[in-house]
Structure formats: C-alpha cells, structure tokens
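Numbering (this note's numbering), first residue to last: -12 to 297.
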C-alpha cells in the first residue's frame, strides 16, 4: 500500500465486528505510518459501522465529533438475554423456542411499532452495568462480574426517531437516531425488563455520526493516505487568510488584530495564502479582554519548520 507518512486529515473507516475501536486505531497508525490517530467515539467490539479517525494534527478536532448525534441499525434476538445485552455477554436466559410462540401471540407488528415509537419519550438512561466506564481506575464490567455492587449512573439522552421497524426470523430490527452517549443495548435490556421477554442485541451498525454517513466508506484494508479528508470537507469554519508577516506573528505567539471573521462557538481558522494549510484554530469564547481571540490549537506550519504549542 502506498504511504505518505504524517499527513493530517480525517479518515472515515468501516469498523467490522470482532475488533475493538482501539485495535482499529493501532492498525491505522501502522498502515498509514501515522504517529497520532484519535477517535470520535468508540464502538463495542461486536458492533460495526462508521468510525471517524482524526489523524496527525487533526486529533485536535476529536472533541467536536464526540457530541454529535448518531444513527444505528439494530437487530434484536428474542428469547436470548445476556448480561451485557449483546452477543459477547454472559448468557443469562436462552429460551428461543419456548419464547417464540409467546412472542408471536403477544407482539403483533402493530404493537411492536407502537412500543418502539414510545422510546422517543425517554429522556434519562442509566448506563449498562457491563460497560467500559471506569470506576476507581477499573472497568465497570470487570467489577460487576467480580460481584461488586456498582451504582448505575444516569445521564440525559434524546431519542429523536425510531423507524424501519420490522419483524425478523430471530426477533425484530429497527433504526434509531439518538443523542451522543446513548446505549442501544441498554435500551434493549430495558425493553426486555419492561416486556418480560428475554432480549439481546444480535447486530448493531452505526450508520451515521452527525451529518456524516457510512455509505461509501471503506474498510481499513482498502484505505491509503489519499482517503484522508480535509478540514474543508469535514469541519469548515470561517477563515482569516494570513500574509507572511501575520504568519510569523502567529508562529511566535502573537495575534492578528484586524479583519477577523464573524464566528460561532466553533471558532475560525487562520490559514495560509493558498487556504490549504491551517495555521491556527481560534475562538472568541473565553478570551481575556486584552487579546482579540484565544488559540484553541496552533498547528505545525511545514513551510516554517516550527512546531508551536496550544
């Protein structure tokens, strides 16, 4: 595979099931010879779908994507329940044949659609006990399986839409559009408790992060540095083009005082004359009165061979 090391950009990757998000990040570093690769929200190992990986200097943008809403396609198995609510958990109940007749008689399609549509009213969710959340430096899932009592922490969530609800040979499937931080497998476990029927996720696909979709996204094995997307494609902001004197001022920690663009809370960029290289990411939020803006990140300018700090 062709390489051009240390390129900055955003990599859109399809994560297959059976690999952790961290493993995919490590593989990306090796394949593209990248020193820095971040992520914008992990997927459980059993899950698949879209990962956005900021590479090089663009790891500074990771937080921007963490708060974006997500869309998932979910397949649920009826008659099976695991402690984690997914295929990799410890089986608690498995009565597929016994439950199937009860399921068919008590949950016609109309009821299933009605019950799942009610999920949009959910505003608070407790994190699943089996999760990667850290408690006292240890994974919560490890503590729970060791028999420790762990407080289920609540968080505010939004479920914007549940659609494409269908019965399947093993249970049912649906698409769901949710706020960041929403656990789909916890939704399934809560439905299992509510309905009195063993349920567990069989498949979960993340189809979108914010406005970015899985369509056309390649697996890592097919990706090269040419697939890196620029800030213009992924996170465009107002720009202030710097001349040579202004570039030197930015490099040495100085400021540009005039012709600054209007910007929202995401800020603006100072770019070089060809508008291809970001020199700095700036914001007006939280700045002291004696300076025109605050630097969120000052990037490496290859033409000046200088690395400067945030």
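We treat Cβ as the ideally placed atom computed from N, Cα and C, and that holds for glycine. Small disclaimer: the values here were computed from a predicted structure and weren't measured.
Once DSSP output is grouped into helix, strand and coil, what is the label at residue i?
i: residue 87; result: helix
i: residue 8; result: helix
i: residue 204; result: coil
i: residue 78; result: strand
i: residue 114; result: coil
i: residue -12; result: Residue confidence for residue -12 is low, a pLDDT of 39 falling below 50, so the modelled location carries little weight; the figure read from the coordinates is stated next. The answer is coil: DSSP assigns residue -12 none of H, G, I, E or B.
i: residue 260; result: coil
i: residue 294; result: Bear in mind that a pLDDT of 38 at residue 294, under 50, signals an unreliable position, so the number given afterwards is only what the model happens to contain. DSSP places residue 294 in coil when its eight states are reduced to three.
i: residue 140; result: coil
i: residue 104; result: helix
i: residue 250; result: coil
i: residue 17; result: helix
i: residue 94; result: coil
i: residue 226; result: strand
i: residue 59; result: strand
i: residue 316; result: Only positions -12 to 297 of the chain appear in this structure, which leaves residue 316 out of reach.
i: residue 46; result: helix
i: residue 289; result: Here residue 289 scores only 46 on pLDDT, less than 50, and its place in the model is too uncertain to base an answer on.
Does any C-beta atom of chain C lie closer than 8 Å to the C-beta of residue i?
i: residue 243; result: Included in the structure is just one protein chain, with no chain C present.
Is the CB-CB distance between residue i and residue j below 8 Å?
i: residue -6; j: residue 25; result: no
i: residue 52; j: residue 27; result: yes
i: residue 152; j: residue 103; result: yes
i: residue 175; j: residue 89; result: no
i: residue 257; j: residue 267; result: yes
i: residue 207; j: residue 14; result: yes
i: residue 259; j: residue 234; result: yes
i: residue 112; j: residue 169; result: yes
If you follow the beta strand (DSSP E) that residue i is in, where does it begin and where does it stop?
i: residue 55; result: Run containing residue 55: none; DSSP gives neither H nor E here.
i: residue 38; result: 35 to 42
i: residue 285; result: 281 to 285
i: residue 266; result: 265 to 270
i: residue 0; result: -4 to 2
i: residue 158; result: 158 to 165
i: residue 67; result: 67 to 69
My understanding is that residue i touches residue j, with C-beta atoms under 8 Å, so please give their C-beta distance in whole angstroms.
i: residue 23; j: residue 46; result: 5 Å
i: residue 224; j: residue 253; result: 6 Å
i: residue 165; j: residue 56; result: 6 Å
i: residue 193; j: residue 37; result: 5 Å
i: residue -4; j: residue 211; result: That pair is no contact at about 12 Å.
i: residue 163; j: residue 34; result: With a Cβ gap of about 13 Å, residue 163 and residue 34 do not count as contacting.
Assuming residue i is part of the alpha helix (DSSP H), what are its boundary residues?
i: residue 150; result: Unbroken run through residue 150 is the beta strand (DSSP E), 146 to 154; no alpha helix (DSSP H).
i: residue 182; result: 171 to 182
i: residue 233; result: 231 to 238
i: residue 220; result: 218 to 221
Contact between the region 104 to 118 and the region 138 to 146 is defined here as three or more beta-carbon pairs at a separation below 8 Å; is this criterion met? As far as the Cβ criterion goes, the region 104 to 118 touches the region 138 to 146, which means the pair count is three or higher.
Counting Cβ pairs closer than 8 Å, one from the region 182 to 190 and one from the region 67 to 74, do we hit at least three? Judged by pairs of C-beta atoms under 8 Å, the region 182 to 190 touches the region 67 to 74, as three or more such pairs exist.
Touch check for the region 77 to 84 and the region 198 to 207: three-plus C-beta pairs under 8 Å? Contact between the region 77 to 84 and the region 198 to 207 is absent, because fewer than three Cβ pairs lie under 8 Å.
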